[in-house]
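4 protein chains.
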Amino acid sequence: MIVEMRKGATKEEVGAVVQKAKTMDLDVQLNIGTDKTVVALLGSNTGQIDKDIFAVLPGVESVTRIMKPYKLASREFRKKSTVVDCGGVKIGGERIIVMAGPCAVESEEQLMQAVEGVKNAGASIIRGGAFKPRTSPFSFQGLQKKGLELLAKARDKYGLPVVTEVVDPYDVEMVATYADMLQIGSRNMQNFALLTNAGKSQRPVVLKRGFACTITEWLTAADYLLAEGKNQVVLCERGIRTFEDSIRFSLDISAVPVLKKSSHLPVIVDPSHAAGHYSLVPAMAKAAVAAGADGLLIEVHPNPKEALVDGLQSLSISDFTRLMEELRTIAKAVGRYI
Amino acid sequence: MIVEMRKGATKEEVGAVVQKAKTMDLDVQLNIGTDKTVVALLGSNTGQIDKDIFAVLPGVESVTRIMKPYKLASREFRKKSTVVDCGGVKIGGERIIVMAGPCAVESEEQLMQAVEGVKNAGASIIRGGAFKPRTSPFSFQGLQKKGLELLAKARDKYGLPVVTEVVDPYDVEMVATYADMLQIGSRNMQNFALLTNAGKSQRPVVLKRGFACTITEWLTAADYLLAEGKNQVVLCERGIRTFEDSIRFSLDISAVPVLKKSSHLPVIVDPSHAAGHYSLVPAMAKAAVAAGADGLLIEVHPNPKEALVDGLQSLSISDFTRLMEELRTIAKAVGRYI
Amino acid sequence: MIVEMRKGATKEEVGAVVQKAKTMDLDVQLNIGTDKTVVALLGSNTGQIDKDIFAVLPGVESVTRIMKPYKLASREFRKKSTVVDCGGVKIGGERIIVMAGPCAVESEEQLMQAVEGVKNAGASIIRGGAFKPRTSPFSFQGLQKKGLELLAKARDKYGLPVVTEVVDPYDVEMVATYADMLQIGSRNMQNFALLTNAGKSQRPVVLKRGFACTITEWLTAADYLLAEGKNQVVLCERGIRTFEDSIRFSLDISAVPVLKKSSHLPVIVDPSHAAGHYSLVPAMAKAAVAAGADGLLIEVHPNPKEALVDGLQSLSISDFTRLMEELRTIAKAVGRYI
Amino acid sequence: MIVEMRKGATKEEVGAVVQKAKTMDLDVQLNIGTDKTVVALLGSNTGQIDKDIFAVLPGVESVTRIMKPYKLASREFRKKSTVVDCGGVKIGGERIIVMAGPCAVESEEQLMQAVEGVKNAGASIIRGGAFKPRTSPFSFQGLQKKGLELLAKARDKYGLPVVTEVVDPYDVEMVATYADMLQIGSRNMQNFALLTNAGKSQRPVVLKRGFACTITEWLTAADYLLAEGKNQVVLCERGIRTFEDSIRFSLDISAVPVLKKSSHLPVIVDPSHAAGHYSLVPAMAKAAVAAGADGLLIEVHPNPKEALVDGLQSLSISDFTRLMEELRTIAKAVGRYI
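Residue numbers (our numbering), protein chains in the order written: chain E, 573 to 910; chain H, 573 to 910; chain A, 573 to 910; chain S, 573 to 910.
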C-alpha cells in the first residue's frame with residue numbers, strides 16, 4: 573500500500589502514518605522526494621486492509637493499494653487451475669462444457685423437450701430456472717419447488733447433471749437436494765448472506781458477475797464462497813451495463829483472458845443474457861470459446877414464441893443444434909473439444 | 573406498446589401480432605406506412621406486459637414500450653405527493669429531514685457521542701448500521717443484534733427515531749422491532765425476497781438506488797414494496813457507477829427532479845457514499861437541497877480517524893454542524909426549512 | 573415516430589401535433605386509447621427528423637423514434653455487403669484482412685523491421701501512425717510528414733498498402749497522397765469537419781468507433797462520409813469506456829454481429845487499443861474472428877520495450893507470428909481464410 | 573510512480589527498472605518486501621512520464637502513477653484561483669456569471685429577442701451557436717459566418733460580451749474577431765489541433781468536458797491550451813454518458829468540488845445539454861450554484877416550439893426570468909451574487 577503525503581506535510585504527520593502502520597505489523601519504507609514524501613507499507617495481507625485507515629490521517633493526499641483485495645480466488649494463492657466437478661462433469665479441463673436449457677421451467681413437457689433437444693445436440697449439463705428474480709412484481713416468478721422436482725426428474729431421465737439458481741439464503745439447502753450445482757445470479761453477486769450460505773453447501777457454485785461489478789469485486793465476492801472452505805466455484809461472465817443500447821448488456825469478452833491470468837477458477841460465458849436477442853447469441857458464443865472460456869450457459873426453448881420468460885433470447889432446438897456444430901470446429905481450432 | 577414490423581413483413585405475420593394482442597385483451601390499431609407497418613397496442617396495463625411476447629413473433633423488427641413498467645410508484649397512479657411518517661418525523665413535507673450518524677455502530681460510547689452531536693446540530697433522525705454488507709469477507713461485518721440494541725437505546729436517550737439497514741429477508745421482523753424505519757441498501761435493491769418481506773413489515777422503508785440501476789428499474793423495485801400494501805416508501809439517491817474515478821460513485825443529481833416528476837414518493841440523497849471523501853460531502857449535500865431533495869442521509873463520526881468503516885467519507889461533528897448552518901440558508905432559499 | 577400525448581391532453585393539443593406533421597408531409601394515424609392518445613407519424617425519412625420538433629409541443633409526454641437516424645450506412649439502404657478496396661486488398665470478402673505495424677512510426681529502421689516481420693507472418697496491410705493525437709501536450713506527437721514518407725517507402729519496398737490516421741481536416745489531401753487508406757480515430761469520430769473532408773477524398777476510410785458512442789451514433793457518423801458520395805468505408809470497433817478497470821477499454825464484441833445486421837459496411841476490430849496490454853491481445857483477436865469480423869488492426873513493434881508510444885499493448889514480431897498461426901485455424905473454423 | 577515487481581522477479585529484472593529510471597534522472601527507492609519488491613520512482617515530472625516505459629520491462633507486475641498527468645491546470649502549479657476576463661466580465665470571482673441565449677443563431681429577430689430577454693433577466697454574457705456540430709449530416713448546421721455577424725451585432729446593441737463555439741482549427745482566428753470568448757465543445761475536447769490553435773488566440777476559452785472523459789483527462793486537455801501561454805481558460809461541466817436514460821447526459825455535480833480542489837481554473841455548468849428537457853434545467857442550475865459553480869451556460873429561446881436545434885432543452889424567456897430570481901436567492905445563500 574502506498575501512502576502519498578501532501579506537499580508540505582509535517583514530520584509529525586508522516587510519523588503518525590508510520591506509527592499506525594507499525595501497530596498493524598506492517599513493514600514501512602519512507603521515500604522522501606524533493607516534492608513530497610511517499611510511504612510504502614509492505615506486508616502479506618495489505619490487500620485486505622481498508623485504505624481509509626490511512627487516508628483519513630492528517631497530511632495524507634492519497635492511498636493506493638498495490639495488492640488486490642481478493643485472496644483465495646487469486647492465481648497467486650493457488651497456481652494450478654481449479655477443475656470443478658458438477659455431478660461427474662468436469663469444468664475447467666480440456667473439454668468445453670455447454671450448459672443449456674430453458675430460462676424458466678414452465679411445465680414437464682416443455683422441460684423434457686428442451687432437455688432431450690440439448691442433450692442430442694451435445695450439451696453436458698441441464699440449466700433451468702425454478703426461482704426467477706424478476707424486475708417487476710407483476711411478472712411470472714417461476715414454478716419454485718415444483719420446478720426443482722421437474723429438473724431432478726429430467727436429470728434422472730436424461731442422465732445429465734442440473735444447475736439452477738438459488739435466490740434466498742434460506743433455500744440453499746433445499747435447492748442443493750435437487751440440483752448438482754447452485755447458481756448465484758447477477759443481482760445477487762453481492763448478496764453476502766446468500767454467498768455465505770451457498771459457501772457452506774456441499775454443491776459447487778456458479779457465481780455470475782454482477783452486471784455493474786468490476787472483475788476485482790467479482791473475485792472478492794468469490795472469496796466469500798471460498799472462505800467457507802469450498803473450492804468448487806465457477807465464474808460466469810454475463811454482460812455488463814454500459815451506455816450501448818443495441819443489446820441488453822455488453823458482453824465483456826476480455827474478462828475471459830483477464831480472469832485466466834488473475835484467478836485459478838474456471839470461467840464460463842452466458843451469451844444469452846448479454847445479447848437479449850437470439851440472433852446475436854451464436855456470434856457471442858463462438859467468440860467466448862475462441863477467447864478461452866471453459867464453458868457456455870445458453871438458453872434453449874422448444875418453442876421460444878411461447879416462452880413465459882426471455883423468449884427473445886432463447887435459441888430454438890434446431891438453432892442450438894446448428895450452433896453446437898459450429899462451436900465444435902472453434903473448440904478444435906483452440907485445441908479443445910466439446 | 574408499439575410493434576414495428578420488418579420491411580416486407582407478410583399479412584400473415586401482421587395478423588399473428590394482432591391475434592396475439594387480442595388474446596391479451598389489448599386494443600389494436602394498424603398503421604400501414606409505405607415502408608413498413610406499425611402496430612399500436614393499447615390498454616391500461618401495457619407497461620407490465622413483457623415486450624418479448626411480441627418481439628419473438630416472425631416479421632417483427634422491434635417492440636417499443638410507451639408506458640413505464642412501474643405502476644404503483646408512479647405519479648400517474650397517485651397524483652398527490654406521499655408523506656412518510658418515521659416515528660413522528662414527516663418526510664416529504666416542507667421540512668427537509670436530515671438523517672445522520674455513524675456508518676457502523678461500533679460501541680455505545682461512539683454511538684452516543686455521534687447522536688448527541690448530530691442532534692445538537694439539528695438532525696431529525698438517527699442513522700447507524702448494525703448489519704454491514706461488506707465487499708470482502710475479511711472486513712468488519714457490524715455489531716449486528718448488539719448494534720440494534722444500542723440504536724434503540726440512543727433513540728430512547730435522545731428522542732430521535734432510528735433508521736437502519738436490513739440485509740437478510742429473515743431479519744426484517746427483528747430489525748423492525750428496534751428501528752423506526754428500515755433501509756434497503758444499494759446492493760439489495762433487486763433482492764426481491766428482501767423487498768417482499770420488507771413490504772410486509774409495519775415500518776416505513778428507505779429504498780436506496782442500486783448503483784447501476786436506472787430510475788425506471790428503481791421505481792419498479794419500489795413496486796415490490798408497494799404491492800404488499802405499504803405506501804410508506806422513501807427513495808434515496810446515493811450515486812451511480814460511471815467511468816469517472818475521482819469519486820466513488822457519481823451522484824445523479826438529476827434523479828431528484830426526474831423522480832419528482834415521475835413518482836409521488838419522497839426523495840432523499842446520500843452524499844456520503846457517493847463522495848467517498850468527506851471534503852466533497854458539503855458541496856453535494858447543498859446541491860441536493862437546492863435541487864429539491866426532501867432530505868439527506870449523512871455519515872457523521874465523533875472521530876473519523878478511528879472509524880472501523882468508511883471513516884474517509886464521514887464528517888466530524890464540527891464539520892457536520894457547520895454544514896447544517898449552510899444547509900439552513902439553502903433550504904430557506906428554496907422555500908423550505910430544516 | 574410515435575408521439576405519446578399526456579393523459580388528459582386536449583383535442584387542440586393533439587390537433588397541433590397532427591398539423592405540424594402534415595406541414596412536414598408525414599402520414600398521421602391517431603390511436604385514441606382509453607388512457608391516452610398516441611399519434612403515429614409515418615414517412616420514409618422520419619429517422620432524420622428531430623424528435624424535439626414534436627416533443628416541445630404542449631400536451632406531448634414523449635416522442636419515440638422507430639426509424640434509425642442513419643440512412644446511407646444502413647442495411648436497409650443497401651442490402652448487399654460492401655467490399656472496400658484498399659490498394660488492391662479487398663476488405664469485406666471471404667478473406668480476413670490483418671493490418672499490422674507499429675502504433676507510431678519512429679524511424680526508418682523500426683518501421684522496416686516491423687513491416688518485414690508482419691509481412692512474413694501474413695499481414696495484408698501496413699498500419700503505422702505519423703500524426704499521433706496524444707492526451708497530454710508533453711507527449712511525443714509523431715514524426716508527421718516524415719512519418720508519411722517512411723510509410724510510403726515501406727509500401728514500395730514490401731508491396732503492401734498502407735493505412736494511417738489523419739487528425740486535421742486540412743491534412744486530408746496530403747495524407748491521401750501517401751496512404752492507401754485513411755483512418756479516423758476514436759477521438760475524432762464526431763469531428764464533423766474532418767469527416768466531411770475525408771468523405772471528399774478518393775481514398776477509402778477506416779472509421780474507428782468513438783469510445784463513448786453508441787453503434788447508432790457511429791453509423792450516423794459514417795453517413796457523413798457516405799453523404800459525400802464515398803462508399804468505401806470500413807468500421808473499426810476498438811473498445812468502449814466502461815467502469816471496468818482491468819483493461820483500457822471494454823471491447824464490445826457484440827458490435828460485430830450487431831453491425832453485420834444493421835449495416836452493409838465491413839467491420840474490423842482493433843484489440844490492441846482495447847486491451848492496453850499485449851498479453852490480452854491474442855484472446856481478443858481470436859474472439860473477433862470467431863464473432864465474424866472482416867479484419868483486425870494490430871499493433872506490432874520490433875522492440876516493444878523501446879517503443880515511444882503504447883509499447884505495452886504492442887506485440888513483438890514473434891508473438892504476432894504465433895498469433896497469426898492461431899488466427900488461421902479460427903478463420904478456417906468459421907469458413908474463411910487469412 | 574510505483575513499480576510493483578512480480579513475485580519472484582529476479583535481481584536483474586529489478587536492476588533493469590532501476591537502470592531505466594536513472595537514465596531518466598529519477599530518484600529511486602527500493603522497497604524489498606517478503607512477498608515482492610516495490611520500486612518507487614521520484615521526481616518532479618513523473619506525472620508526465622508514460623507508465624508503459626516501465627510496464628513493458630520484464631518482471632514488472634504493475635505501474636501506478638501517484639502524480640497526475642496534468643500540470644499547468646493543477647492547483648499545485650498555481651495555488652491562487654484564476655479569474656478569467658471575458659470582455660470585461662470576470663469569471664471566477666464572487667459574482668456568479670450567467671451566459672444565456674439560443675443554442676443556434678437562427679435569424680436576427682430570434683437572436684435579438686433572446687438577448688433582450690436574457691439581459692433583462694440578468695444574464696452577463698450572450699451565448700449563441702453559429703457553427704453547430706450535428707450528429708447527422710442531414711441536420712441544420714448553423715448560420716456559420718452570418719451567425720457570427722449577428723452575434724457581434726447583438727453585443728453592440730445590448731452591451732454584453734459574446735461566447736460562441738469554434739469547431740474547425742482553421743476558423744479560430746475568424747471566430748476570435750467576432751467573439752469575446754471561444755467555446756470548445758464536448759466532442760472536440762480531445763481535438764488537439766483545435767486546442768493548440770485556440771490556445772494561441774488572444775481570446776479566453778471555455779473548454780467543455782468530453783462527455784466520456786474523466787476529470788483527469790479534462791485537465792490534461794486544458795494543459796494543451798495553457799501550454800500555449802494562455803491562462804484564460806474556463807472549465808464547463810455539461811454531463812457525462814452513463815447508463816441512465818431518463819436524461820440525455822448525467823450531470824456530474826461532484827465535478828464542481830473536485831475541480832475546485834484540483835485546479836485553479838473557474839468552473840461553470842451547462843444544465844441544458846445534460847438535461848435535454850427544459851423541465852429539468854431549473855433544479856440542475858440551482859444545484860450547480862449551491863455546489864459552488866462560478867457560472868452557468870443556459871439555453872434560452874424566444875419561442876422554443878419553433879427552435880431549429882434543441883428546442884426541447886431551451887427555456888422560454890419567462891421561464892428563464894423566473895429561474896434567475898431563484899438563482900439569486902441560492903447565490904446569496906452561498907455568499908455570492910448574480
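Just so you know, even glycine gets a beta-carbon here, dropped at the ideal spot from N, CA and C. Fair warning: this is a prediction, and the values are worked out from it, not measured in the lab.
Residues of chain S whose Cβ lies closer than 8 Å to the Cβ of THR707/A are, in chain order, PRO641, GLN762, GLU789, THR792 and ALA793. For ARG894/H, the enclosing alpha helix (DSSP H) stretches over residues 889 to 905. Rounded to the nearest whole angstrom, the C-alpha separation of LYS729/H and LEU683/H is 11 Å. The C-alpha of THR749/S is placed about 37 Å away from the C-alpha of VAL906/S. Between the C-alpha atoms of ALA862/H and PRO776/S there is a straight-line separation of about 30 Å. Our two residues, GLU897/S and ILE870/S, have alpha carbons roughly 15 Å apart in a direct line. The C-beta of VAL739/E comes closer than 8 Å to at least one C-beta of chain H.
Listed by position along chain H, the residues whose Cβ is nearer than 7 Å to that of ASP624/E are ASP882, GLY883 and LEU884.
Residues of the segment 680 to 695 of chain H with a Cβ closer than 8 Å to any Cβ of chain E: none.
Within the segment 838 to 892 of chain H, the complete beta strand (DSSP E) segments at least 3 residues long are 839 to 841 and 867 to 871, listed from N- to C-terminus.
Under the Cβ distance rule, ARG813/H counts among the residues neighbouring chain E, one pair being separated by less than 8 Å. Interface flag for LYS579/A against chain H is set, since a Cβ pair is found closer than 8 Å. Judged by DSSP secondary structure, THR609/E falls within the beta strand (DSSP E) whose first and last residues are 609 to 614. Residues of the segment 657 to 678 of chain S whose Cβ lies closer than 7 Å to any Cβ of chain H: none. Interface flag for GLN591/E against chain H is unset, since no Cβ pair is found closer than 8 Å. For ASP624/H, the enclosing alpha helix (DSSP H) stretches over residues 624 to 627.
With respect to VAL872/S, PRO838/S sits apart: the two C-beta atoms are not nearer than 8 Å. Annotation: Cβ neighbours of PHE783/E in chain H (cutoff 7 Å, chain order): ALA784. For THR636/H, the chain A residues whose C-beta falls within less than 8 Å of its own C-beta are ILE574, THR636 and ILE638, listed in chain order. For the C-beta of LEU629/S, the chain A residues within less than 9 Å are, from N- to C-terminus, LYS877. Taking each of SER844/S, ASP795/S, ALA627/S and GLU680/S in turn and checking the Cα distance to GLU721/S, the smallest one comes out for GLU680/S.
Note that the C-beta distance between ALA693/S and SER835/S is not below 8 Å. Per DSSP, the continuous beta strand (DSSP E) segment holding ASP657/S begins and ends at 656 to 658. Only buried fits GLY811/A, as 16 or more other CB atoms lie within 10 angstroms of its CB. Given a length threshold of 4 residues, each whole run of the alpha helix (DSSP H) inside the segment 760 to 831 of chain A is given here in chain order: 764 to 772 and 787 to 798. Leaving aside the five residues that flank LYS802/A on each side, the residues in its chain whose CB is nearer than 6 Å to its CB run, in chain order, GLY771. Counting only the Cα atoms, LEU887/A lies some 13 Å from MET856/A.
In this chain, the beta strand (DSSP E) harbouring THR736/A covers 734 to 737. The residues ILE669, SER696, ILE697 and PRO733, in chain order, have a CB closer than 7 Å to that of VAL661/E in the same chain once the five nearest residues on each side in sequence are set aside.
Contact annotation for GLU721/S against chain H: no contact, minimum CB-CB distance about 36 Å [criterion: below 9 Å]. For the 8 Å CB-CB criterion, SER818/S and VAL635/H do not form a contact. At least one CB of chain H lies nearer than 8 Å to the CB of GLN620/E.
Sequence-distant Cβ neighbours of ALA588/S in its own chain, meaning closer than 6 Å and more than five residues away, are LEU629.
ASP599/A is positioned such that its CB atom lies closer than 8 Å to that of GLY605/H. Taking the CA atoms as reference points, ALA751/S sits about 36 Å from ILE902/H.
Comparing alpha-carbon positions, the option among LEU884/H, ARG894/H and MET573/H lying closest to ALA847/H turns out to be LEU884/H.
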